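Take any residue in the sequence shown, note its place counting from 1, add 2, and you have its number in my numbering. Positions of the beta carbon are idealized from the N, C-alpha and C atoms, including for glycine. Values in this document were obtained by computation on a predicted structure and should not be read as measured data.
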Amino acid sequence: MSLPLASGTIPPLAPGDRPVNWAVTGRFGGVSTGRFAELNLADHVGDDPASVQANRELIRSFAGTAGAAFVRAVHGADVEWVDSSYGIPEADALLTESTNLALVALGADCALIGIAAPGVIGVVHCGWRGLVAGVIPATITAVRARTSGPITAIIGPVICGACYHVGSECAAAVRGVCDAAAPDDSHVDLRAGVVQILLGEGVEVQDRSMCTRESQNLFSHRRDDPTGRHGLLLWWGSTRMGS
Numbered sequence: 003m004s005l006p007l008a009s010g011t012i013p014p015l016a017p018g019d020r021p022v023n024w025a026v027t028g029r030f031g032g033v034s035t036g037r038f039a040e041l042n043l044a045d046h047v048g049d050d051p052a053s054v055q056a057n058r059e060l061i062r063s064f065a066g067t068a069g070a071a072f073v074r075a076v077h078g079a080d081v082e083w084v085d086s087s088y089g090i091p092e093a094d095a096l097l098t099e100s101t102n103l104a105l106v107a108l109g110a111d112c113a114l115i116g117i118a119a120p121g122v123i124g125v126v127h128c129g130w131r132g133l134v135a136g137v138i139p140a141t142i143t144a145v146r147a148r149t150s151g152p153i154t155a156i157i158g159p160v161i162c163g164a165c166y167h168v169g170s171e172c173a174a175a176v177r178g179v180c181d182a183a184a185p186d187d188s189h190v191d192l193r194a195g196v197v198q199i200l201l202g203e204g205v206e207v208q209d210r211s212m213c214t215r216e217s218q219n220l221f222s223h224r225r226d227d228p229t230g231r232h233g234l235l236l237w238w239g240s241t242r243m244g245s
């Protein structure tokens, strides 16, 4: 199995807008070796930098864009607007209005979310800390400050609730902001929490999630640490509606 593991297209959300493509990368189809085999996209996990760069170039080439911007997650609620693949600030959400830039969120258990709105695309990395910090509402607020109209979200890979064992303090912190994400005192269900928050924000949700710990096609920090990171990428299609 190789790039992509899953993919699809969000139809244009406004007259004159472009469709938005999305894809999920898995572990296979790249050049990394060992614990990072094969398509690791993260440059902070100990993989050979040349291999990571080659893998990232595969992603950019697949999208057919001039550049690709990769999330540098800090497990918070910072949202950054970008227009190129250079000088990307640390943040758990990236947004762009550029039609020639792919955005890529990286993860190995945390939820990866794609956002599409008229004239705007974005990606979000959301673990339990980001959920508590409010990265999803912060992202939607930033989008609505730039554009009006419907917003669609794609939920990509994320560890499932049954596999995500946590301590009671973590569960309590999550339950304080999203009851669906903490079904008991020893588990966190990130997918359920993400869905609840997005729906509460008035966002259409397309759930394409798959459990990272259960799928050998995906990287999982909880299963294999140290390990690589897969990605969820979004980029604009080439044809405007009505053209």
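For residue i, the three-state DSSP class (helix, strand or coil)
i, result
"D181", "helix"
"S53", "helix"
"Q218", "coil"
"R193", "helix"
"A173", "helix"
"T143", "helix"
"A65", "helix"
"A79", "coil"
"A110", "coil"
"S245", "Confidence in S245 is poor, its pLDDT being 40 and thus under 50, which makes the residue's placement unreliable; the coordinate value appears in the next sentence. Reduced to three states, the DSSP call for S245 is coil."
"E206", "strand"
"P21", "coil"
Length of the line joining the Cα atoms of residue i and residue j
i, j, result
"H232", "C162", "16 Å"
"M243", "E99", "Here M243 scores only 45 on pLDDT, less than 50, and its place in the model should not be relied on; the value that follows carries that caveat. Approximately 17 Å between the Cα atoms of the pair."
"G151", "V22", "15 Å"
"T154", "V205", "6 Å"
"M3", "V207", "Legend: pLDDT at M3 = 44, less than 50; position of this residue unreliable, no value from coordinates given."
"A44", "P185", "31 Å"
"F221", "G28", "7 Å"
"Y88", "R148", "22 Å"
"D181", "T35", "40 Å"
"L96", "E82", "5 Å"
"P51", "N42", "10 Å"
"D80", "R37", "30 Å"
"A65", "L7", "14 Å"
Under 8 Å between C-beta atoms of residue i and residue j
i, j, result
"G109", "D94", "no"
"V197", "V134", "no"
"I2", "R210", "Residue 2 lies beyond the residue range present for the chain, which begins at 3 and ends at 245; the question has no answer from this structure."
"A175", "A183", "no"
"A118", "V160", "no"
"S53", "V33", "yes"
"I12", "L235", "no"
Close-in-space but distant-in-sequence residues of the same chain around residue i (CB under 7 Å, 5 per side omitted)
i, result
"G48", "P228"
"A16", "P120, G151"
Nearest-angstrom Cβ-Cβ length linking residue i and residue j, presumed shorter than 8 Å
i, j, result
"V126", "T141", "5 Å"
"R215", "C165", "4 Å"
"A71", "V106", "7 Å"
Beta-carbon proximity list for residue i, same chain, < 8 Å, skipping 5 on both sides
i, result
"H271", "Outside the shown range of the chain, which is 3 to 245, sits residue 271, and nothing can be said about it."
"D246", "With the chain running from 3 to 245 in the structure shown, residue 246 is simply not present."
"S9", "N23, W24, A25, V26"
"L201", "V207"
Nonlocal neighbours in the same chain, by C-beta distance under 6 Å from residue i, ignoring five residues either side
i, result
"G129", "H77, C112"
"I138", "I199"
"M212", "P159"
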